Each structure stands twice: as C-alpha cells, then as structure tokens.
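Q: Okay, handing you the structure first.
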Amino acid sequence: MAIVYVTNKKTGKKYAYESVSVWNPELKQPRAKRKYLGVVDEETGEIIPSSKKRGRKPNPDKNTAENEEKASGRRTYKKMVEDMQKIIASRDDEIKQLKAANRKLTSKINRIESILNNDD
1 MAIVYVTNKK TGKKYAYESV SVWNPELKQP RAKRKYLGVV DEETGEIIPS SKKRGRKPNP
61 DKNTAENEEK ASGRRTYKKM VEDMQKIIAS RDDEIKQLKA ANRKLTSKIN RIESILNNDD
C-alpha cells in the first residue's frame with residue numbers, strides 16, 4: 001500500500017489516493033486499485049479527508065435543513081395520500097348507490113316488459 005498524490009493541471013489542486021497493488025490473473029499483470037482519501041492542503045501538506053460521498057462536503061447546518069425539508073415533504077405526501085383515500089372512499093360510496101339505483105331500475109323495466117308481454 002502507498003499514498004499517491006495526483007495534481008490537477010487545470011486547477012492546481014493536489015489529491016491523495018491510497019494505492020494497492022492487485023494481481024490480475026487474466027492479464028497476468030499487476031494492477032493498481034486506488035481509493036480516494038481527500039484533498040492535500042497546500043500550506044500544511046495535510047490530507048483533508050473526503051466526506052465519503054462523491055462531490056459533497058459535510059455541512060451540518062445544511063443537513064438539518066434538508067432533514068426538515070424531507071420531513072415536511074413526507075408530511076405533505078402523507079396528507080395528499082389521506083386526501084386521496086377520502087376521495088376514493090366517497091367515490092366507492094357513490095358507486096354503491098348508483099349500482100343500487102341501477103338494480104331498482106332494471107327490476108322495474110323487467111316488470112314493465114313482463115306486463116307488456118302478457119297483454120299480447
């Protein structure tokens with residue numbers, strides 16, 4: 001294992017990687033596996049560790065704000081779901097009433113048809 005330093009030519013920033021040599025049996029050659037450690041401080045030369053997530057820096061204030069937003073979003077979503085469930089329940093009741101009315105009308109039509117058929 002070794003620590004490898006890579007400098008970005010455009011920005012001039014120096015990055016630190018942990019490099020481990022691994023044998024590739026197919027190619028029968030060693031290959032380097034690298035793990036990102038962080039950015040190297042220009043003044044002190046110390047490695048500033050990464051936040052363990054690509055492209056993100058740890059910000060405790062932002063995390064709490066994001067958590068609150070997510071919680072309020074979940075509350076909003078729950079309310080929407082509850083509203084939709086109420087609408088579905090009311091529509092189910094309407095469907096039941098319409099089916100009952102349809103059965104009554106069908107039975108009346110059948111009676112009228114039977115009366116008309118008996119007169120012939």
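In UniProt numbering, the protein residues as written are 1 to 120. The beta carbon of each residue, even a glycine, is placed where N, CA and C say it ideally should be. Please read these numbers as outputs of a predicted model, since none were measured by experiment.
1. Can you pull the DSSP bridge partners for A89?
2. What whole-angstrom Cβ distance do P30 and S21 have, given they're in contact under 8 Å?
3. List the residues that DSSP assigns as beta-bridge partners of V6.
4. Which word fits A16, buried or exposed, when buried means at least 16 other C-beta atoms lie within 10 angstroms of its C-beta?
5. Looking only at C-alpha atoms, which of K28, K13 and A32 sits nearest to D41?
6. Under the DSSP definition of a beta bridge, which residues are partnered with residue 121?
A: Per the coordinate set shown:
1. For the purposes of this step, residue 89 is taken as the residue at position 89 of the sequence shown. DSSP lists no partner for A89.
2. As a first step, residue 30 is located in the sequence shown; it is residue number 30 there, counting from the start. As a first step, residue 21 is located in the sequence shown; it is residue number 21 there, counting from the start. P30 to S21, Cβ: 5 Å. Contact.
3. Indexing the sequence shown from 1 puts residue 6 at position 6. In the DSSP output, where bridge partners are listed per residue, V6 has Y15.
4. For the purposes of this step, residue 16 is taken as residue 16 along the sequence shown, with counting starting at 1. So A16 counts as buried.
5. Taking the sequence shown and counting its residues from 1, one reaches residue 41 at position 41. Measuring from the Cα of D41, the nearest candidate turns out to be K13.
6. Residue 121 cannot be examined here, being either before or after the span of the chain that is shown, 1 to 120.
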